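Written out below as structure tokens is the structure these notes cover.
2 protein chains.
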Amino acid sequence: MRLKELAEHLGLSQTTVSRALNGYPEVKEATRLRVSEAALELGYRPNASALRLATGRASAVGMVLRGADELGPHMSEFLSGLGGRMATQDIDIVVTTVASQQEELAAYRRLAASQRVDAMILHSPTLNDERAELLMDLKIPFVLHGRTNATRPVAWLDIDNTGGLERATSHLLDLGHRRIALLNGVKGRTFAEHRELGYMAALSARGVAFDPALMGNTAFTDEVAFRMAQSMLELRPRPTAFLAGSMMTALGVFRAIRQAGMTLGTDVSMIAHDDVFPYLNADNMYPTMSTTRSSIRQAGSRIAELLLQLLGGKPVSEIHELWPVELVLRESSGPAPLF
Amino acid sequence: MRLKELAEHLGLSQTTVSRALNGYPEVKEATRLRVSEAALELGYRPNASALRLATGRASAVGMVLRGADELGPHMSEFLSGLGGRMATQDIDIVVTTVASQQEELAAYRRLAASQRVDAMILHSPTLNDERAELLMDLKIPFVLHGRTNATRPVAWLDIDNTGGLERATSHLLDLGHRRIALLNGVKGRTFAEHRELGYMAALSARGVAFDPALMGNTAFTDEVAFRMAQSMLELRPRPTAFLAGSMMTALGVFRAIRQAGMTLGTDVSMIAHDDVFPYLNADNMYPTMSTTRSSIRQAGSRIAELLLQLLGGKPVSEIHELWPVELVLRESSGPAPLF
DNA sequence: AAGTCCATTCAAAGCGATTTCAATTTTGGA
DNA sequence: TCCAAAATTGAAATCGCTTTGAATGGACTT
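Protein sequences appear in the order of chains A and B. Each residue of the first sequence is one higher than the one before, starting from 24 at the first, in my numbering. Each residue of the second sequence is one higher than the one before, starting from 24 at the first, in my numbering.
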């Protein structure tokens with residue numbers, strides 16, 4: 024069903040039908056009613072490509088996902104938050120997957136040059152993110168999930184990683200822990216650097232020396248976390264607490280602790296960062312897991328909102344949101360062992 | 024940079040430039056070279072909307088993701104497999120997220136009516152999938168990840184869930200287990216029904232009676248798996264082995280076993296289905312996990328291929344692939360306890 | 001009854017590509 | 001050297017929508 028056919032069917036011009044459907048004021052109410060009823064009945068919907076060409080808007084936002092290991096389970100959570108909001112505006116989400124950094128930059132150029140999307144979402148930035156600079160050069164609007172030190176203003180939403188880790192670390196220090204291991208994300212990523220800052224700040228506030236052997240920078244998989252925790256537990260004196268960068272990491276650490284014959288929550292403590300996955304609940308772990316918590320799905324949903332504001336003309340410099348990180352104490356974090 | 028500008032810049036007509044770039048044979052080789060060099064240099068790429076309107080192809084495939092719990096971590100794996108292949112053909116992946124079944128059907132209608140995508144990917148089908156029927160009614164091509172009993176032929180790729188579970192169950196029976204619990208997916212989903220078939224077949228082949236108390240049909244989250252396994256372990260006689268529907272499920276069962284003071288691999292055995300997540304490795308669990316294994320990422324990649332074939336005109340009735348499921352034995356499955 | 005104003009409606013011009021059909025230039029053979 | 005055929009290029013139509021600018025018709029004023 025084309026606009027033309029619908030117009031003919033109604034004995035009206037395409038102009039009037041188009042206006043009626045798009046809510047223009049200069050169309051008689053009776054006509055509008057007649058038109059929208061016919062459209063509904065005949066199942067008419069404007070052809071997306073034609074509409075996009077005519078309006079110059081792509082009605083789509085893009086997201087580039089990097090190779091699997093980076094992708095992880097976070098993305099589907101984020102996506103479902105994002106998608107819910109976008110759907111209401113009939114805006115598509117176009118996802119592109121790439122294997123390398125090289126490919127990723129090329130993907131942005133491609134998307135920009137072909138005007139396939141109106142805006143993009145950038146995630147997992149580094150401190151000086153090349154992709155952000157590129158997008159600014161290409162003049163394609165974007166919202167950053169995270170933060171970066173850019174030369175120009177950037178729209179972003181981030182969680183307070185520094186604050187979260189400072190509180191978590193301080194809490195462990197309060198419990199008497201002095202050797203606290205940090206299983207952090209890959210070096211260079213802003214969130215990892217921010218977490219490190221919070222960790223360091225808490226340590227130095229109590230005058231506890233930083234031991235580089237207690238810090239790891241790896242991807243958030245259970246496997247590498249397992250190995251890293253295992254080797255850290257062989258240190259003497261061994262760490263009495265772990266700060267795990269993600270729930271996957273926490274699972275790995277958990278296994279290492281158990282394999283070492285120790286008990287989580289008494290022999291060793293752990294606080295993990297929880298992005299809130301519906302299928303992996305800190306409250307239902309055994310023992311229940313203390314976490315620094317922030318819903319990545321909510322972030323997705325909110326970023327959709329910010330994106331719409333950005334497209335609506337709100338200045339980039341006014342789009343900044345820093346979300347607090349909750350510290351939720353459960354059974355996995357307890358007092359440091361006495362000896 | 025528009026085609027028009029590029030043409031003017033070159034002193035050629037749009038026609039010739041378009042042809043040169045699209046590899047038509049009737050353009051002089053020297054001209055083609057000149058054109059493609061200029062295009063590269065000036066960074067010209069056809070406007071996606073215009074191209075789509077002109078060709079009538081959307082150059083996009085759609086995927087509808089249902090609310091979070093169904094979504095899970097599987098999707099990002101699948102997507103990255105899919106995306107890798109699609110990118111090479113400059114085909115976009117448009118993802119839509121919906122909260123309910125109702126919304127989902129509406130989403131398909133919307134996508135179809137607005138001709139936003141050339142084809143769709145359908146996943147997690149039920150035995151008689153309403154969505155598949157709808158897509159056929161709408162005459163929009165699709166590849167099904169899984170199987171369904173449709174009235175008309177459907178293009179699909181599925182794994183041999185029945186065979187996989189039959190082998191896993193038989194193996195546990197060989198080890199002397201007689202009370203084998205099955206933590207299966209939601210009732211009605213084809214894969215869950217197929218797994219049940221395999222389980223039943225193996226039991227009845229050995230003359231072992233089926234006990235409905237040992238079967239659960241739930242979503243694959245660690246939480247519900249934990250609860251279910253916990254209550255099953257309170258039965259007398261208790262199950263001596265578990266078949267877990269996913270790695271998330273396995274984690275929950277694992278916790279329940281440990282909480283009950285038992286040891287996995289000796290007191291209780293488990294074989295889990297592994298969709299192969301890079302961040303959750305059966306080989307690195309402790310004890311290592313026996314699995315029925317099939318890479319969901321590879322499935323995504325292959326489905327992209329099938330989709331391209333479908334769009335290329337290959338008949339639906341020739342697009343069927345049933346992948347075998349590997350049984351990988353590790354430490355979590357051992358002989359049944361003697362008493 | 002004539003002239004103004006609104007309220008409606010419509011014809012036609014884009015949007016930026018592809019593609020049909022026609023025009024022009026080359027090439028090759030007589 | 002000339003002409004038909006082949007090779008190459010171009011003008012214009014088309015895809016399905018939005019939007020500008022013009023046209024129509026009735027209500028209202030005077």
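A virtual CB, placed ideally from N, CA and C, is assigned to each residue, including glycine. Note that the coordinates shown come from a computational prediction; the quantities given were computed from them, not determined experimentally.
Consult DSSP for residue i and reduce its assignment to one of helix, strand or coil.
i	result
glycine 442 of chain B	Here chain B comprises residues numbered 24 to 362, so residue 442 of chain B is not present and cannot be evaluated.
valine 276 of chain A	helix
asparagine 184 of chain B	helix
threonine 149 of chain B	strand
histidine 168 of chain A	strand
phenylalanine 243 of chain B	coil
arginine 154 of chain A	helix
leucine 102 of chain A	helix
isoleucine 144 of chain B	strand
phenylalanine 233 of chain B	coil
alanine 264 of chain B	strand
glutamate 257 of chain A	coil
alanine 173 of chain B	coil
glutamate 354 of chain A	coil
glutamate 28 of chain B	helix
leucine 287 of chain B	strand
leucine 303 of chain A	strand
alanine 178 of chain A	strand
Since residue i is in the beta strand (DSSP E), which residue starts that stretch and which ends it?
i	result
glycine 239 of chain A	238–240
leucine 417 of chain B	In the structure as shown, chain B starts at 24 and stops at 362, and residue 417 of chain B therefore has no counterpart that could be examined.
isoleucine 116 of chain B	115–121
glutamate 344 of chain B	343–346
arginine 316 of chain A	313–316
Could you give the residue range of the alpha helix (DSSP H) that holds residue i?
i	result
leucine 134 of chain B	124–136
methionine 293 of chain A	Here methionine 293 of chain A belongs to no alpha helix (DSSP H); instead the beta strand (DSSP E) covers 292–297.
valine 58 of chain B	52–65
alanine 215 of chain A	213–228
leucine 74 of chain B	71–78
leucine 198 of chain B	Premise fails: leucine 198 of chain B is in no alpha helix (DSSP H) and is neither H nor E.
glutamate 328 of chain A	319–334
serine 41 of chain A	37–44
Taking only beta-carbon positions, decide if residue i is within less than 8 Å of chain B.
i	result
serine 317 of chain A	no
tyrosine 309 of chain A	yes
leucine 102 of chain A	yes
aspartate 245 of chain A	yes
threonine 120 of chain A	yes
glutamine 124 of chain A	no
arginine 42 of chain A	no
alanine 136 of chain A	yes
asparagine 304 of chain A	yes
glycine 288 of chain A	no
For my contact list, residue i and residue j are in at a C-beta cut-off of 8 Å; report their separation, rounded to the angstrom.
i	j	result
valine 166 of chain A	leucine 333 of chain A	6 Å
histidine 168 of chain A	alanine 327 of chain A	Actually they do not touch by this definition, with Cβ atoms about 11 Å apart.
serine 72 of chain A	alanine 81 of chain B	7 Å
leucine 345 of chain B	aspartate 181 of chain B	6 Å
tyrosine 131 of chain B	arginine 154 of chain B	6 Å
arginine 259 of chain B	threonine 213 of chain B	That belief does not hold up - the Cβ atoms of arginine 259 of chain B and threonine 213 of chain B are roughly 34 Å apart, past 8 Å.
glycine 104 of chain B	arginine 261 of chain B	No, glycine 104 of chain B and arginine 261 of chain B are not in contact; Cβ-Cβ is about 39 Å, not under 8 Å.
glycine 95 of chain A	phenylalanine 300 of chain A	Not really, about 10 Å apart at Cβ, beyond 8 Å.
leucine 350 of chain B	valine 84 of chain B	With 8 Å as the limit, leucine 350 of chain B and valine 84 of chain B do not qualify as a contact, their Cβ atoms being about 33 Å apart.
Is there a C-beta anywhere in chain A that falls below 8 Å from the one on residue i?
i	result
glutamine 332 of chain B	no
glycine 199 of chain B	no
serine 72 of chain B	yes
tyrosine 131 of chain B	no
methionine 98 of chain B	yes
isoleucine 116 of chain B	yes
glycine 221 of chain B	no
ask   = How about the segment 110–122 of chain A and the segment 176–187 of chain A: do they share at least three Cβ pairs that are nearer than 8 Å?
value = no
inquiry  = With a threshold of 8 Å, are at least 3 pairs of Cβ atoms found where one atom belongs to the segment 296–316 of chain B and the other to the segment 341–360 of chain B?
reply    = yes
ask   = Is the segment 48–58 of chain A close to the segment 108–117 of chain A, with three or more CB pairs under 8 Å?
value = no
request  = Could you say if the segment 274–282 of chain B and the segment 239–257 of chain B meet the contact criterion of at least three C-beta pairs nearer than 8 Å?
outcome  = yes
request  = Say whether the segment 210–230 of chain A touches the segment 35–51 of chain B, bearing in mind that this needs 3 or more beta-carbon pairs closer than 8 Å, one atom from each stretch.
outcome  = no
inquiry  = Pairs of beta-carbons, one from the segment 152–164 of chain A and one from the segment 182–190 of chain A, closer than 8 Å: are there three or more?
reply    = no
ask   = Can we say the segment 259–266 of chain A touches the segment 291–308 of chain A, given the rule of at least three CB pairs closer than 8 Å?
value = yes
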